[in-house]
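Inspection log for the structure reproduced underneath, given as structure tokens.
Number of protein chains: 2
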Amino acid sequence: MNELAIAFDDIRAAAGRLADIALRTPVRCSRVADDRTGAQLYFKCENFQRMGAFKFRGAYNALAQFTPEQRRAGVIAFSSGNHAQAVALAARLLGMPSLIVMPKDAPPAKLAATRGYQAGQPGSEILLYDRYTEDREAIGRRIAAERGMTLIPPYDHAHVMAGQGTAALELIQETGPLDTLLVCVGGGGLIAGCAVAAKQLAPEIVVHGVEPEAGNDTQQSLARGEIVHIETPKTIADGAQTQHSGALTFPVIQRHVASILTVSDAQLVATMRFFAERMKMVVEPTGCLAAAAALEGAIDLRGQRVGVIVSGGNVDLGAFAGWLAS
Amino acid sequence: MNELAIAFDDIRAAAGRLADIALRTPVRCSRVADDRTGAQLYFKCENFQRMGAFKFRGAYNALAQFTPEQRRAGVIAFSSGNHAQAVALAARLLGMPSLIVMPKDAPPAKLAATRGYQAGQPGSEILLYDRYTEDREAIGRRIAAERGMTLIPPYDHAHVMAGQGTAALELIQETGPLDTLLVCVGGGGLIAGCAVAAKQLAPEIVVHGVEPEAGNDTQQSLARGEIVHIETPKTIADGAQTQHSGALTFPVIQRHVASILTVSDAQLVATMRFFAERMKMVVEPTGCLAAAAALEGAIDLRGQRVGVIVSGGNVDLGAFAGWLAS
């Protein structure tokens, strides 16, 4: 049995670093959701986390462990999504420069939000590239090397995985043992951390991942026993548009995750509407994955106590309005 | 100095009745909101309350004090809004019939929600009337008399007012003393209860009410020193489309409320967008009134610690989508 990238102690240590820095997000319940599923669902609301998603946990946990030299040079991240904003905010809180490499055509709201999180931190900047003609990895790696900056990837990093696991740690600390835990899967950082935390705190728990139907690479990988690469999937769950699990996350998923469920984009929209109408929350499509598996019947949960990670709420208001009106 | 309809002890007693029945809703903060106002804002999120609004507090507090005879006959309420749903739910929880009188053309979602809250409670029903040809008060009073049911009005009732005051009680218990409290004003039940609670717990606090520009009857009433009646105002804040304050609520407002501010519908929409985008919350137009006064500059709050009651989140998804997209 190979050693996994993270153990429970790493998650407990991450929780210590994040205390009074990350929000201890609320765990909410819904009678309507319980009636529909016949279960008792506990929604861990990471859409209310700082910068609007669980990603802050992993980014901060990673950056907080930089050496003084690393802090001086700063951090670099490639992302047009929540990881970019998480790194920008964590870097500013820790007083280090951040270089975020984003495509030129990223949504203006995301560029503005990232700039907002960097504000007041000398040396921080956004590097825009043309995703049709330029190789972001090459650009980023060259600059990182020139400036001595440390690259923090969005999921395949032990400190990132350990940070994400604090979401499940807090959840189960609050609810007590659960029968089932549902977690969305992109590159696998969140589910890897959460599965390690959950199995320690509730050894009988069954952990299921949830992917978009169009991008079930992890489901395929588990079936094959090795990491499967797919084309970038077409789904509204932009946080799960990953092409493959990570070299560090996949072994954890193999060890601790019972199965991967899938849901359609239509089911994500139905769940987004449910959250808005009944729980008065804005949840981004990726954040609806785990809940959609429960509410739209991808798994029978009758009689169970179930944890559901609601991973984030960062969604373009225009797109969100369109989905609500649909 | 005339005796007011409620005292702090009534609110404390209501809090006892509501313990483990109403949700202790979260108090949330937003760095963006604080930066914009120069204040520290504490949002009391009654949009997360049971049935989606603070109204549950007052309805339950009133119904819980029924005599055994009153319970057997049940409760009647006239409302197409949150009060109807609050009474329906509180009645079911207390095991008594409810008769809710609603216009035939009320939104189907509100009818369905009210039926849902009544479900399983024998003797409960919705009575539909034609608001263009029938007099709901006459219908309702006749049936109430025939069946011996007790009418619970939406705001002008001491037990309702005391229940609503528990929102401010919980807020200040959590935040400690505040400089200012902002509360939306319809018929005045919420602000009356909250002002009494706030003045007891934080005697230096300044309480301001917030009305829609188009429906500033309470502002006019304070200026005149008597209850002014207006035409039903045209505003998206449907919970504040009241024509006048109550005989019981107005004296409390006169005693404890420093002033009434007003905001426009456009400012309510801007605030609804702020809540969705930055705080990931669905807030109905009326629920945006108090926050709009702070965020849209109706009052200078620099350097202050400010409580803001977010009163509810029950909004038709189609209309909400339209406002977000606007």
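These protein sequence lines map, in sequence, to chains A and B. For the first sequence, the tail end lands on 321 under the working numbering, and the numbers increase by one without skipping. For the second sequence, the tail end lands on 321 under the working numbering, and the numbers increase by one without skipping. We put the beta carbon where it would ideally sit given N, CA and C, even for glycine.
Cβ neighbours of residue i in the same chain (closer than 6 Å, five flanking residues each side left out)
i             : result
residue 96/A  : 73, 122, 131 and 135
residue 259/B : 208
residue 239/B : 212, 222 and 224
residue 124/A : 131 and 134
residue 21/B  : 40
residue 215/A : 223
Own chain partners of residue i with C-beta closer than 8 Å, once the 5 adjacent residues on each side are dropped
i             : result
residue 69/A  : 86, 91, 92, 93, 94, 118, 119, 142, 144 and 145
residue 61/B  : 70, 89, 91 and 145
residue 217/B : 248, 249, 252, 254 and 255
residue 24/A  : 35, 36, 37 and 38
residue 321/B : 264
residue 226/A : 238
Whole-number beta carbon distance between residue j and residue i, since they are thought to touch under 8 Å
i             : j             : result
residue 241/A : residue 228/A : No, residue 241/A and residue 228/A are not in contact; Cβ-Cβ is about 17 Å, not under 8 Å.
residue 42/B  : residue 264/B : Wrong, their Cβ atoms sit about 16 Å apart, outside the cutoff.
residue 107/B : residue 307/B : In fact, because the Cβ distance is near 17 Å, the residues do not count as touching under 8 Å.
residue 160/B : residue 180/B : About 14 Å; that fails the 8 Å criterion.
residue 268/B : residue 319/B : 6 Å
residue 147/A : residue 82/A  : 6 Å
residue 285/A : residue 310/A : Not really, about 16 Å apart at Cβ, beyond 8 Å.
residue 57/B  : residue 155/B : 5 Å
residue 165/B : residue 19/B  : 6 Å
residue 17/B  : residue 55/B  : 7 Å
Straight-line Cα distance separating residue j from residue i
i             : j             : result
residue 110/B : residue 79/B  : 10 Å
residue 312/B : residue 317/A : 11 Å
residue 149/B : residue 66/B  : 18 Å
residue 53/A  : residue 75/A  : 17 Å
residue 201/A : residue 176/A : 6 Å
residue 248/A : residue 31/A  : 29 Å
residue 126/A : residue 188/B : 57 Å
residue 290/A : residue 28/A  : 7 Å
residue 34/B  : residue 296/B : 6 Å
residue 233/B : residue 98/B  : 15 Å
residue 9/B   : residue 158/B : 5 Å
residue 12/A  : residue 5/A   : 11 Å
residue 262/A : residue 100/A : 28 Å
residue 231/B : residue 281/B : 8 Å
residue 195/B : residue 163/B : 11 Å
residue 315/A : residue 104/A : 14 Å
residue 186/A : residue 152/B : 51 Å
residue 51/B  : residue 283/A : 28 Å
residue 276/B : residue 270/A : 10 Å
residue 292/B : residue 278/B : 19 Å
residue 139/B : residue 64/B  : 14 Å
residue 237/A : residue 220/A : 18 Å
residue 128/A : residue 206/A : 30 Å
residue 77/A  : residue 77/B  : 36 Å
residue 298/B : residue 1/B   : 32 Å
residue 348/B : residue 102/A : Residue numbering for chain B in the displayed model covers -4 to 321; residue 348/B lies beyond these limits and cannot be assessed.
residue 116/B : residue 116/A : 59 Å
Cβ shell of residue i (< 7 Å), same chain only, five flanking positions each side left out
i             : result
residue 197/A : 167, 172 and 173
residue -1/A  : 246, 247 and 250
residue 183/B : 150, 213, 240, 241, 244, 245 and 248
residue 294/B : 203, 256 and 288
residue 266/B : 283, 286, 287, 290 and 291
Contacts that residue i makes with chain B (C-beta to C-beta distance below 7 Å)
i             : result
residue 42/A  : 275
residue 319/A : 312, 315 and 316
residue 47/A  : 275
Partners in chain A for residue i, counting only beta-carbon separations shorter than 7 Å
i             : result
residue 335/B : There is simply no residue 335/B to check, as chain B begins at -4 and stops at 321 in what is shown.
residue 272/B : 312
residue 115/B : Residues of chain A passing the Cβ test: none, with the nearest at roughly 11 Å.
Beta-carbon neighbours of residue i, restricted to chain E and to distances below 8 Å
i             : result
residue 268/A : Considering every chain present, this structure includes no chain E. Its protein chains are A and B.
Member of the options whose CA lies at the smallest distance from the CA of residue i
i             : options                       : result
residue 45/A  : 59/A, 23/A and 84/A           : 84/A
residue 257/A : 235/A, 277/A and 276/A        : 235/A
residue 37/B  : 185/B, 186/B, 170/B and 178/B : 170/B
residue 199/B : 24/B, 219/B, 64/B and 301/B   : 301/B
residue 14/B  : 26/B, 23/B, 24/B and 59/B     : 59/B
residue 112/B : 299/A, 26/A and 19/A          : 26/A
residue 3/B   : 193/B, 220/B, 206/B and 215/B : 193/B
Partner residues on chain A for residue i, Cβ-Cβ distance less than 8 Å
i            : result
residue 21/B : 21
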